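Peer 1:
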Amino acid sequence: MNSENWERQADDLALARYSVISPLISRQLTGKEKILARAEILKAVHLFPDGRTRKVSCRSLERWFQWYVDGHINDDGEVVTEPGIEALRPIPRDDKGKPRKLEPAFVER
Numbered sequence: 179m180n181s182e183n184w185e186r187q188a189d190d191l192a193l194a195r196y197s198v199i200s201p202l203i204s205r206q207l208t209g210k211e212k213i214l215a216r217a218e219i220l221k222a223v224h225l226f227p228d229g230r231t232r233k234v235s236c237r238s239l240e241r242w243f244q245w246y247v248d249g250h251i252n253d254d255g256e257v258v259t260e261p262g263i264e265a266l267r268p269i270p271r272d273d274k275g276k277p278r279k280l281e282p283a284f285v286e287r
């Protein structure tokens with residue numbers, strides 16, 4: 179896939195993720211209203227850019243909301259992506275196209 183197609187797909191996915199979490203972001207909600215909004219999001223079936231529909235897991239909802247609010251933060255505490263819709267884009271893997279580390283005993287076998 180060329181970089182232009184990847185960029186477009188990443189943008190489309192970010193917008194789809196935003197559409198899922200937008201009820202939690204676009205309004206000021208009380209604690210009870212947040213719980214009800216989350217429940218509605220979790221039971222709804224959402225349309226994604228690849229044309230498939232699916233429900234969103236609680237973990238995905240939490241992660242996407244956190245990314246939107248705080249941005250992506252790596253294990254060292256460094257900000258990888260600034261907060262906002264840009265943080266909802268997938269991050270390309272650093273090891274793409276490279277073999278992952280295998281245990282020496284497994285390789286010898």
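Numbering (this note's numbering), first residue to last: 179 to 287. Cβ atoms here follow ideal geometry from the backbone N, Cα and C, with glycine treated the same way. As the structure is a prediction and not an experimental result, all values here were calculated from the model.
Cβ of P227 within 8 Å of Cβ of D190?
Peer 2: Counting from one through the sequence shown, the residue named residue 227 turns up at place 49. Counting from one through the sequence shown, the residue named residue 190 turns up at place 12. In contact: P227 and D190 (Cβ atoms closer than 8 Å).
Peer 1: What are the complete alpha helix (DSSP H) segments, minimum 4 residues, inside the region 184–223?
Peer 2: Counting whole runs of 4 or more residues, the region 184–223 contains the alpha helix (DSSP H) stretches 209–221.
Peer 1: Look at P201 and I219 and say whether their C-beta atoms are less than 8 Å apart.
Peer 2: Locating residue 201 in the sequence shown gives position 23, counting from the first residue. Locating residue 219 in the sequence shown gives position 41, counting from the first residue. Yes, the pair counts as a contact, with Cβ atoms nearer than the cut-off.
Peer 1: Just how far apart, CA to CA, sit I199 and T208?
Peer 2: Stepping through the sequence shown from its first residue, residue 199 is reached at position 21. Stepping through the sequence shown from its first residue, residue 208 is reached at position 30. Going from the Cα of I199 to the Cα of T208 covers about 16 Å.
Peer 1: Pick helix, strand or coil for I269, following the three-state DSSP scheme.
Peer 2: Counted from its first residue, the sequence shown places residue 269 at position 91. Coil, per DSSP.
Peer 1: How should L280 be labelled, buried or exposed, when 16 other C-beta atoms within 10 angstroms of its C-beta is the threshold for buried?
Peer 2: The sequence position of residue 280 within the sequence shown is 102, counting from 1. So L280 ends up on the exposed side.
Peer 1: Classify L193: buried if its beta carbon has 16 or more other beta carbons within 10 angstroms, exposed otherwise.
Peer 2: Within the sequence shown, numbered from 1, the residue matching residue 193 stands at position 15. It is exposed - the Cβ of L193 has fewer than 16 other Cβ atoms within 10 Å.
Peer 1: Given a threshold of 16 other Cβ atoms within 10 Å of its Cβ, counted over all protein chains shown, does R278 qualify as buried or as exposed?
Peer 2: Here the question's residue 278 lines up with position 100 in the sequence shown. Looking at its Cβ environment, which holds fewer than 16 other Cβ atoms inside 10 Å, R278 is exposed.
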